[in-house]
Structure formats: structure tokens, C-alpha cells
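**Student:** Input: one structure, supplied below.
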Amino acid sequence: DAKTTQPNSMESNEEEPVHLPCNHSTISGTDYIHWYRQLPSQGPEYVIHGLTSNVNNRMASLAIAEDRKSSTLILHRATLRDAAVYYCILIDYGQNFVFGPGTRLSVLP
Amino acid sequence: ETGVTQSPTHLIKTRGQQVTLRCSSQSGHNTVSWYQQALGQGPQFIFQYYREEENGRGNFPPRFSGLQFPNYSSELNVNALELDDSALYLCASSRRGGGANTEAFFGQGTRLTVV
């Protein structure tokens, strides 16, 4: 699986938008871009995924660069509950997740 | 809350002992993967089971083994426990037919402490 690069940590104020970046310069044409988050003392939780086009769901939006070498997870209004470690993962058919250290998001009240 | 259930939630074992961890997958999911998460790190892939057969393995020694049952539930067995095996063990279920275009659902994990 191709590797991803994310900032170690980010900080946001409550009710403000958050943009979490991810670089994946060696992505292959069949890799899907997945985002998961892990709240303290819990297992990872699915957030969103996409292949080429931008995606929206009830939790977040995923913006994918035209060359697919980077993507951004967008939380439109951060809440205290969004404080977590966010993982950007590239997945091929095998679905064996290769987790990096992720981005630890802190949300300030 | 996902439909993936892991048991037990916490476990303390002595070095050299054997342990079995269990996972009930989400309804309709035929693929189960196991991960080890050391404190402060991201989860590391151990292996995956699909239709009762191992279908991929990470960089873990043979003393880590598993099973998948006809109802798609799964077990992770670890023999000859070492102190470094202390970690959170996570189970994830998914629909294999969905390939990479589907999400996985993780359980809450089993916290194993080896003393």
C-alpha cells in the first residue's frame, strides 16, 4: 500500500471549519482514499472515502486534488466531540489498512 | 456504535501464557481483520480472514494465529506471550465484495496487558 503523510497535530476552535491535509504522492490509480478517526479509548471510526471526485456525507467533506496526490478532510463546524486522531489511508482491493501516526486534532472551546 | 463486538474488553496475562481474543463481525460482513495498536501509535495490521481462510498477513510471527467461523466471527490467538504484546487489539469487519470502495467497521478493542 502507498504511504501517506499527515501533520502530527492540529488545533481548531469550536464551531470553526477544520481542514486536515494528507499527501499521497505515490498513489496508484486503483487506490481509494479513506479517512478514519479514533476517539480516545475507542476503535477507529469510518469518516469518509473517495476515489477521484470530491465527496460529502453527514460527517465531513473530502476534497481530492485533480492529480490525486493530496486530499483534504473538511469538518465544517468542529465540535469538542471531533477531538480525535485522524488517519488518512490508501486502500486497494485487499483492504489491508496501513495506518500511519495520523493527525491529532485538538478542539478548543 | 458499530455492530462489531470484541471480548473481553480487558485482559491481564503472564509472560509465556496463551490468550484468545474474540470478535463478532457486523451482520452481512464476511471479512475480518485484526490489528495491534501499541500505546501512542497507529494500528498495525496482523492478518485478515475471508471465508474462513487467512487472506493476508502483516509482519507478525507465527505465534499470532487466527480462525474465522462459518458465521464470520473470528478469534485471535497469541502463544508464548511477551511483554511487548501488551497493546489494544482491534477487530474490523467489512464486505469483501465491496473491495476498497466500502468502509470497515471496528470494534472497541481488547486491552491486553502482559506482566
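For the record, the sequence lines run as chains A and B. 7 is the number that this note's numbering gives to position 7 of the first sequence; each next residue is one higher, with no gaps. 1006 is the number that this note's numbering gives to position 6 of the second sequence; each next residue is one higher, with no gaps. Here a beta-carbon is modelled for each residue, glycine too, at the ideal position from N, C-alpha and C. All values derive from a computational prediction rather than experimental measurement.
1) Using a Cβ-Cβ distance under 8 Å, would B/N1059 count as near chain A?
2) Excluding the 5 residues flanking B/Q1026 on each side, which residues of the same chain have their C-beta closer than 7 Å to its C-beta?
3) At a CB-CB cut-off below 9 Å, which residues of chain A make contact with B/F1064?
4) Which bits of chain A does B/L1090 rub up against, with CB to CB less than 8 Å?
5) How many Å lie between B/Q1048 and B/S1074 at the Cα?
6) Can you list the residues of chain E that A/P7 reaches, using a CB-CB cut of under 8 Å?
7) Tell me the DSSP secondary structure of A/R68 in three-state form.
8) Can you tell me which of B/V1019, B/T1102 and B/Y1035 puts its alpha carbon nearest to the alpha carbon of B/G1058?
9) Taking 8 Å as the CB-CB limit, is A/Y87 close to chain B?
10) In terms of residues, what are the limits of the beta strand (DSSP E) holding A/R37?
11) Once you ignore the five residues that flank B/S1024 on each side, which residues in its own chain have a CB closer than 6 Å to its CB?
12) On a CA-only basis, which of A/P21, A/T5 and A/I89 is nearest B/T1102? Give me that one, please.
13) Between which two residues does the beta strand (DSSP E) holding B/T1031 run?
14) Measure how close the beta-carbons of A/Y32 and A/I74 come, nearest whole angstrom, since I'm counting them as under 8 Å.
**Tutor:** Looking at the atomic coordinates:
1) no
2) T1002, G1003, V1004, S1093 and F1105
3) In chain order: nothing, as chain A lies at least about 15 Å away.
4) G43 and P44
5) 10 Å
6) No chain E appears in this structure, whose protein chains are A and B.
7) Looking at A/R68 - three-state DSSP - the assignment turns out to be coil, as it is neither helix nor strand.
8) B/Y1035
9) yes
10) Counting along the chain, the beta strand (DSSP E) containing A/R37 begins and ends at Y32 to Q38.
11) T1005 and S1073
12) A/I89
13) Following the DSSP letters along the chain, one finds B/T1031 inside the beta strand (DSSP E) bounded by residues T1031 to Q1037.
14) Not quite, the Cβ-Cβ distance comes to about 18 Å (not below 8 Å), so this is no contact.
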